[in-house]
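Residue numbers (UniProt numbering): 1 to 876.
The beta-carbon is built from N, C-alpha and C at its ideal position, and this holds for glycine as well.
Please read these numbers as outputs of a predicted model, since none were measured by experiment.
This report refers to the structure that appears directly beneath it.
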Amino acid sequence: MNVVVVESPAKAKTINKYLGSDYKVLASYGHVRDLPSKDGSVKPDEDFAMFWEVDSKSTKRVADIVDAVKGADTLYLATDPDREGEAISWHLLEVLQKKKALKDVAVKRATFNAITKTAVIDAIQNPRDIDMELVEAYLARRALDYLVGFTLSPVLWRKLPGSRSAGRVQSVALRLIVDRELEIERFRTQEYWTVEADVAAGADPFLARLVKHEGKKLGKFDLPNEEIAAGARNAVQAATFKVASVEKKPAKRTPPPPFTTSTLQQEAARKLGFSAQRTMQAAQKLYEGIDIGGETVGLITYMRTDGVQSAPEALDEARRVIGGLYGKDYVPESARHYKTKAKNAQEAHEAIRPTSLERNPGSLRLDPDLGRLYELIWKRMIASQMEAARIERTTVELESGDGQTGLRATGQVVQFPGYLAVYEEGRDDEGDEESARLPAVNEGADARVLRARSDQHFTEPPPRYSEASLVKKMEELGIGRPSTYASILTVLRDRAYVRVEKQRFIPEDKGRLVTAFLEEFFKRYVEYDFTAALEEKLDLVSDGKLDWKDFLREFWRDFHAAVGEIAELRVTNVLDALNEALGPHIFPAKADGSDPRVCPTCGTGQLSLKTGKFGAFIGCSNYPECRYTRPIAQNDETGDAADAGDRELGINPKTGQTVWLKNGRFGHYVEEAGVGADKPKRSSLPKGWPPATMDIDKALRLLNLPREVGTHPEDGKPILAGIGRYGPFVLHEGTYANLDNVDEVFDVGLNRAVAVLAEKRAGGKGGGRATAAALKELGAHPEDGQAIKILSGRFGPYIKHGATNANVPRGKDPQEITLEEAVALIAERVAKGGGKKPAKKAAAPKAKAEKKPAAKTTAKKPAAKKTPAKKKAAAE
1 MNVVVVESPA KAKTINKYLG SDYKVLASYG HVRDLPSKDG SVKPDEDFAM
51 FWEVDSKSTK RVADIVDAVK GADTLYLATD PDREGEAISW HLLEVLQKKK
101 ALKDVAVKRA TFNAITKTAV IDAIQNPRDI DMELVEAYLA RRALDYLVGF
151 TLSPVLWRKL PGSRSAGRVQ SVALRLIVDR ELEIERFRTQ EYWTVEADVA
201 AGADPFLARL VKHEGKKLGK FDLPNEEIAA GARNAVQAAT FKVASVEKKP
251 AKRTPPPPFT TSTLQQEAAR KLGFSAQRTM QAAQKLYEGI DIGGETVGLI
301 TYMRTDGVQS APEALDEARR VIGGLYGKDY VPESARHYKT KAKNAQEAHE
351 AIRPTSLERN PGSLRLDPDL GRLYELIWKR MIASQMEAAR IERTTVELES
401 GDGQTGLRAT GQVVQFPGYL AVYEEGRDDE GDEESARLPA VNEGADARVL
451 RARSDQHFTE PPPRYSEASL VKKMEELGIG RPSTYASILT VLRDRAYVRV
501 EKQRFIPEDK GRLVTAFLEE FFKRYVEYDF TAALEEKLDL VSDGKLDWKD
551 FLREFWRDFH AAVGEIAELR VTNVLDALNE ALGPHIFPAK ADGSDPRVCP
601 TCGTGQLSLK TGKFGAFIGC SNYPECRYTR PIAQNDETGD AADAGDRELG
651 INPKTGQTVW LKNGRFGHYV EEAGVGADKP KRSSLPKGWP PATMDIDKAL
701 RLLNLPREVG THPEDGKPIL AGIGRYGPFV LHEGTYANLD NVDEVFDVGL
751 NRAVAVLAEK RAGGKGGGRA TAAALKELGA HPEDGQAIKI LSGRFGPYIK
801 HGATNANVPR GKDPQEITLE EAVALIAERV AKGGGKKPAK KAAAPKAKAE
851 KKPAAKTTAK KPAAKKTPAK KKAAAE
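The following block contains the structure:
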């Protein structure tokens, strides 16, 4: 008997089918041990000794592996073919050796780039030893990240309360986002105009642009206002033109290489709208195997790779499939070979490609995310081996008779689509201005302007980073590894250092503070070049050219000294430095030229950055006499500067009281002073209502909520509309029904309100809370046969089994939960006292005996009172 260990149960299930009864395949469920999350797990003073701990969840899995290898001939460690996979195998081997479970058992390392029968069997037949250079690179990276995180984060907590953490790559990625925001804030818009004309030259009209005016070549800003642009437009309209030249240039566009981890994440973000995390989760499932016709098959090669090369058999298959689908004209004379830019050859695996291009996306029935991602990978691989596209670029120059005015028209014609018939790479910009097709035009022909027009434009700041553009930038700078980008971006969101709006990253004030702190006191460690240099050294470790402990000693010597220096600083010193660094952001210049740091309440105090229990804020120097405070933020959602202090909006005509816009701990709100003994009326600003756009009318609408919509036609009782903790709603007799948006609260009519209340009641019990929506049916519980479902609850997705509710782990896509994972989560919930233990499946009921009349009726004893069971909290 041979034992094979892989990471995941899905992978184990697939491989088990390939290897047969002589092999037992088990899953480690990822890493079996890790550094404890406490100070002292890495000890620089003891030559960077690392203290590992078996995870509590892994104890049972390790015990199963120990039992399996007893008496086995060979243990195959078949984890993923990268640095992390090598580390998992090393950890498992270390644990098994400590448990003395490997007596007379041969240990081999097996790696495969794709989970197909051929690849798996070939890997088992050609094993190797664990690559200790890759393991040492893992140890160096893990120690480095641990030391930075557990050294910097406590400094942040002490000097900058409210900050969550700092990390070696995380902090640099955050700096990229903050630096881009600073560029946007410094940007000053400039007006410019362009002149275009519809021109006919003996054929269909085409569009031309003014490039020469009054005998001079036009620059971008040479038409700065409407008056000058109008003069140029009139000159174009009045002039007579001839075609001065027609230039045609043939060009080729070659296909992009197949996907790497980074380019897959970028394209999935651009074309599918997937986050990096969503992309990698879907790719993992495609790699581990999908049931197709009763057989579990891995559909793509390994998805964590820097390589762009493909196996010879894959190239041959691609050329064969292209010829069959598109014809021989689309197959180049020889296969295309791409070279990786990765400096670490040991990590330069094959590109991400389908394991068989014969599996056309249209022939597979996959879950939506998996299907769309597989189609993207399939098309990219096919396109990479197709003929180049042949294009003809045309430039037409037109000149007026007096030579004072010139127009230019550009366009291109695709003469042979080549790979463009299958795939065109996504772009971050707005596209190609030269893509218009021009009619046939002869040099020397007369040209007539049909209509000229001038258009106003404004320069725009650089765009905020999207996931695709941020991943691309990090890769260009050599920061981190593509396989870590998804987790890095997730941490930034979870720490509330950034938020995502319209698929773009916007730094929160907390993120800006952390970045400013690190740039002021640890500048070297958030520099792009320094972080990239560390990655290069880690690559040298994995290549066997640098000792991993020498690398750590060199880093720790300088880093430890820098931390020691900042530890001596007082918080006031830190705040003074941050006041200076963040001055333009937290104290923007006022339109009237007055001092932006003068307290608006007392008029004499100076505003400055302060820290409190809940983080940083702006306060007055005259505290406690003056208690003026405000959040750091000065820019609202429109991007306009706005006073974050209290602002008078106007007078309520019904009460004569002043209505204010204020900013509190939980955000902006409007307030009207109470009359007599009444308390002030307050209402929070709903999401999507920028503070800068608030006026008295909007404030009064909010303060008058909830409003009565009308009376219900069935019982004559009132229906109210308002905004609550979970958004806009209508309410009738204890039943809340959600409305689509905030604006509907103010204009929803009686018919609409009755309809949404009826829909809510139809989905619930007795007019109460509606039944939770089912997201996924997982199947029957193996012990009692009851259904297990994933439901959408009030507080997020959860797993439902009988009377037991178990939370879906944070960050886990509910669509990816398997039945096995759900059963384990339910058992864990029951063990914590949160549900009922599944009953054993009941035996088939015996046939009931024919009921006989009772010989004698006896009085029943009164039933004993039962102690009412306490309700168990739902785990939604």
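Per-residue burial, G619 [other beta carbons within 10 Å of its own, 16 or more giving buried]: As a working mapping, residue 619 is identified with position 619 in the sequence shown. Looking at its Cβ environment, which holds 16 or more other Cβ atoms inside 10 Å, G619 is buried.
Buried versus exposed, by CB contacts within 10 Å (16 or more), D306: In the sequence shown, residue 306 corresponds to position 306, counting from 1. Counting Cβ neighbours within 10 Å, D306 comes out buried, since at least 16 surround it.
Counterpart residues of F206 in DSSP-defined beta bridges: To locate residue 206, count along the sequence shown from 1; it is residue 206. Per DSSP, V199.
Complete beta strand (DSSP E) runs within the stretch 389–442 (minimum length 3 residues, chain order): 389–400 and 406–416, all fully within the stretch 389–442.
heavy atom of the ligand NAD below 7 Å from T301 C-beta: In terms of ligand content, the structure shown is empty, and the ligand NAD therefore cannot be addressed.
Segments assigned beta strand (DSSP E), at least 3 residues, entirely inside the stretch 710–740: 718–724, 727–732 and 735–738
Buried versus exposed, by CB contacts within 10 Å (16 or more), Q415: Counting from 1 along the sequence shown, the entry for residue 415 is found at position 415. Per the 10 Å Cβ criterion, exposed.
Test item: CB-CB of R168 and V148 under 8 Å: Locating residue 168 in the sequence shown gives position 168, where the first residue counts as 1. Locating residue 148 in the sequence shown gives position 148, where the first residue counts as 1. Yes. Within cutoff.
Among Q190, V331 and Y497, nearest to E387 - alpha-carbon criterion: Reading the sequence shown from its first residue, position 387 is the one you call residue 387. Here the closest residue by C-alpha is V331.
The stretch 32–48 / the stretch 12–23 touching (three or more Cβ pairs under 8 Å): no
G544 versus D131: straight-line alpha-carbon distance, rounded: Within the sequence shown, numbered from 1, the residue matching residue 544 stands at position 544. Within the sequence shown, numbered from 1, the residue matching residue 131 stands at position 131. Their backbone Cα atoms lie some 10 Å apart in a straight line.
Alpha carbon of L223 to alpha carbon of A409, nearest angstrom: The residue given as residue 223 occupies position 223 in the sequence shown. The residue given as residue 409 occupies position 409 in the sequence shown. When rounded, the distance between both Cα atoms is 19 Å.
Environment of E259 [buried if 16+ CB atoms lie within 10 Å]: Here residue 259 refers to the residue found at position 259 when the sequence shown is read from its first residue. First, the residue type needs correcting, since residue 259 is Phe and not Glu in the sequence shown. Flag for F259 reads buried.
Rounded C-alpha distance that separates I292 from L272: The residue labelled residue 292 in the question sits at position 292 within the sequence shown. The residue labelled residue 272 in the question sits at position 272 within the sequence shown. Cα to Cα, the separation comes out at about 24 Å.
Best match in E519, G749 and D80 for proximity to S8 [C-alpha to C-alpha]: Within the sequence shown, numbered from 1, the residue matching residue 8 stands at position 8. Ranking the options by Cα distance to S8, first place goes to D80.
Classification of A10 by the beta-carbon crowding that lies within 10 angstroms, buried from 16 upward: In the sequence shown, counting from the first residue as 1, residue 10 sits at position 10. With 16 or more other Cβ atoms within 10 Å, it is buried.
Local Cβ density within 10 Å of A567, reported as buried at 16 or more and exposed below that: Here residue 567 is taken as the residue at index 567 of the sequence shown, counted from 1. Per the 10 Å Cβ criterion, exposed.
Cutoff 8 Å; reference I651; Cβ partners in own chain excluding five residues on either side: The residue given as residue 651 occupies position 651 in the sequence shown. So the qualifying residues of the chain are Q657, T658, V659 and I696.
Three-state secondary structure assigned by DSSP to H91: As a position in the sequence shown, residue 91 is number 91, starting the count at 1. In this structure, H91 counts as helix in the three-state DSSP scheme.
Alpha-carbon to alpha-carbon, K717 and N751: Locating residue 751 in the sequence shown gives position 751, counting from the first residue. Locating residue 717 in the sequence shown gives position 717, counting from the first residue. Looking at the two C-alpha atoms, the distance is approximately 14 Å.
Minimum C-alpha distance to A581 - residue among T515, S400, A351 and L538: As a first step, residue 581 is located in the sequence shown; it is residue number 581 there, counting from the start. That would be T515, whose Cα lies nearest to the Cα of A581.
Assigned secondary structure, N663 (DSSP; H/G/I helix, E/B strand, else coil): Locating residue 663 in the sequence shown gives position 663, counting from the first residue. Residue state, collapsed to three classes: strand.
Simplified DSSP assignment, three categories, for G674: Mapped onto the sequence shown, residue 674 falls at position 674. DSSP places G674 in coil when its eight states are reduced to three.
Neighbour-count burial assignment, S357, 16 or more Cβ in a 10 Å radius: As a first step, residue 357 is located in the sequence shown; it is residue number 357 there, counting from the start. It is worth fixing the name first, because residue 357 is Leu in this sequence and not Ser. Burial call: buried.
4 or more residues per run - each alpha helix (DSSP H) lying fully within the stretch 514–596: 528–542, 548–567, 571–581 and 583–586
Cut-off 6 Å between Cβ atoms - residues of its own chain near K627, not counting five sequence neighbours on either side: Here residue 627 refers to the residue found at position 627 of the sequence shown. The displayed chain sequence assigns Arg, not Lys, to residue 627. Excluding positions up to five away in sequence, the list is empty.
Span separating the alpha-carbon of A238 from that of A203: The residue given as residue 238 occupies position 238 in the sequence shown. The residue given as residue 203 occupies position 203 in the sequence shown. Each residue's Cα considered, the two are about 21 Å apart.
T531 classed as buried or exposed, judged by whether at least 16 other C-beta atoms fall within 10 angstroms: For this step, residue 531 is matched to residue 531 along the sequence shown. Classification of T531: buried, given that the 10 Å Cβ count is 16 or more.
Own chain residues within Cβ distance below 7 Å of A12, not counting five before or after: For the purposes of this step, residue 12 is taken as residue 12 along the sequence shown, with counting starting at 1. Excluding sequence neighbours, A12 sits near V6, V25, L26 and A27.
Three-way DSSP call (helix, strand, coil) for M474 in this model: As a working mapping, residue 474 is identified with position 474 in the sequence shown. Reduced to three states, the DSSP call for M474 is helix.
Exposed unless 16 or more other CB atoms sit within 10 angstroms - verdict on V498: As a first step, residue 498 must be located in the sequence shown, where it is residue number 498. When all chains shown are included, V498 counts as buried.
DSSP-derived helix/strand/coil call for Q606: As a working note, residue 606 is residue 606 in the sequence shown. Three-state DSSP puts Q606 in a strand.
With 16 other Cβ atoms within 10 Å as the buried cut-off, status of Y726: The count along the sequence shown starts at 1 and reaches residue 726 at position 726. Exposed.
Contact set for C599: own chain, Cβ-Cβ below 8 Å, skip 5 residues either direction: The residue labelled residue 599 in the question sits at position 599 within the sequence shown. Taken in chain order, the residues that qualify are G605, Q606, L607, C620, S621, N622, C626 and Y628.
The stretch 472–485 contacting the stretch 546–561, beta-carbon criterion three pairs below 8 Å: no
Rounded straight-line distance, which links the Cα of R597 to that of A591: Position 591 of the sequence shown, counting from 1, holds the residue named residue 591. Position 597 of the sequence shown, counting from 1, holds the residue named residue 597. Going by the C-alpha atoms only, they are around 14 Å apart.
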